[in-house]
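For the sequence shown, position 50 (counting from the first letter as 1) is numbered 426 according to our numbering, and the numbering increases by one without interruption.
Glycine included, each C-beta is placed from N, C-alpha and C at the ideal position.
These numbers come from a predicted model, not from an experiment.
What follows is one structure encoded as structure tokens, with my remarks underneath.
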Amino acid sequence: AGGLTALAGSPHLRDLRRLDLHANALRAGAGELLAERPPFARLRALDLSDNPVRDATAEQLARSAQLVELRRLDLSIGKLTEAAARALADGPGVRGLTHLNLGHNEVGDRGADALAAANALPDLRVLALNHNRLTDAGAEALARSPQLATLEKLDLSGNRIGDAGAKALIDSPHLGRLRALRFARNK
Numbered sequence: 377a378g379g380l381t382a383l384a385g386s387p388h389l390r391d392l393r394r395l396d397l398h399a400n401a402l403r404a405g406a407g408e409l410l411a412e413r414p415p416f417a418r419l420r421a422l423d424l425s426d427n428p429v430r431d432a433t434a435e436q437l438a439r440s441a442q443l444v445e446l447r448r449l450d451l452s453i454g455k456l457t458e459a460a461a462r463a464l465a466d467g468p469g470v471r472g473l474t475h476l477n478l479g480h481n482e483v484g485d486r487g488a489d490a491l492a493a494a495n496a497l498p499d500l501r502v503l504a505l506n507h508n509r510l511t512d513a514g515a516e517a518l519a520r521s522p523q524l525a526t527l528e529k530l531d532l533s534g535n536r537i538g539d540a541g542a543k544a545l546i547d548s549p550h551l552g553r554l555r556a557l558r559f560a561r562n563k
């Protein structure tokens with residue numbers, strides 16, 4: 377996190393809106409720096425994909441009182457579990473998110489269930505849960521969720537969802553705003 381530490385200490389980045397830290401081998405402490413340091417207070421898009429990001433980072437971002445302008449968060453290709461999904465589902469720091477990418481993690485059905493019950497994501501339009509070991513149970517939880525009625529794009533590709541999960545999704549009265557559904561490579 378040496379480069380991130382230098383960025384976090386800069387007095388010249390107070391208007392920073394987008395930060396792409398894709399594939400930077402970020403370690404413990406990255407979430408705390410991003411969630412609390414002034415240069416990141418105005419971020420609207422944050423890409424932490426393809427880093428060994430763990431649940432603690434997602435939890436720190438979700439609790440942040442500073443990241444109120446954040447709209448897009450990419451935590452794909454990490455090491456996140458259902459604990460990260462739970463934190464993001466209820467975290468005041470991510471309340472304004474419109475795009476959340478958790479693809480290629482280990483969120484699982486319980487993580488999908490937590491996101492389906494999300495109180496902190498009222499404006500979410502894009503949700504990526506591809507390659508997260510979801511089964512019919514995870515798809516059914518998403519389909520039952522009135523909290524996800526704002527979704528326009530849902531990526532569930534590369535999971536273990538079968539006919540029952542697919543049927544729940546297409547029959548859901550809550551997913552009527554969907555414009556794109558990625559469902560490739562399931563079962």
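In this structure, the alpha-carbon of I453 lies about 11 Å from that of L505.
Counting C-beta pairs closer than 8 Å gives fewer than three between the segment 483-493 and the segment 467-475, which falls short of the contact rule. Taking C-beta atoms as the reference points, A544 and A525 fail to come closer than 8 Å.
Burial check for D396: the Cβ neighbour count within 10 Å stays below 16, so the residue is exposed. Between the beta-carbon of A438 and that of A421 there is about 16 Å, and that puts the pair past the 8 Å contact cut.
Going by beta carbons, L456 and N481 fall inside the 8 Å limit. By the 16-neighbour rule on beta-carbons within 10 angstroms, G479 is buried.
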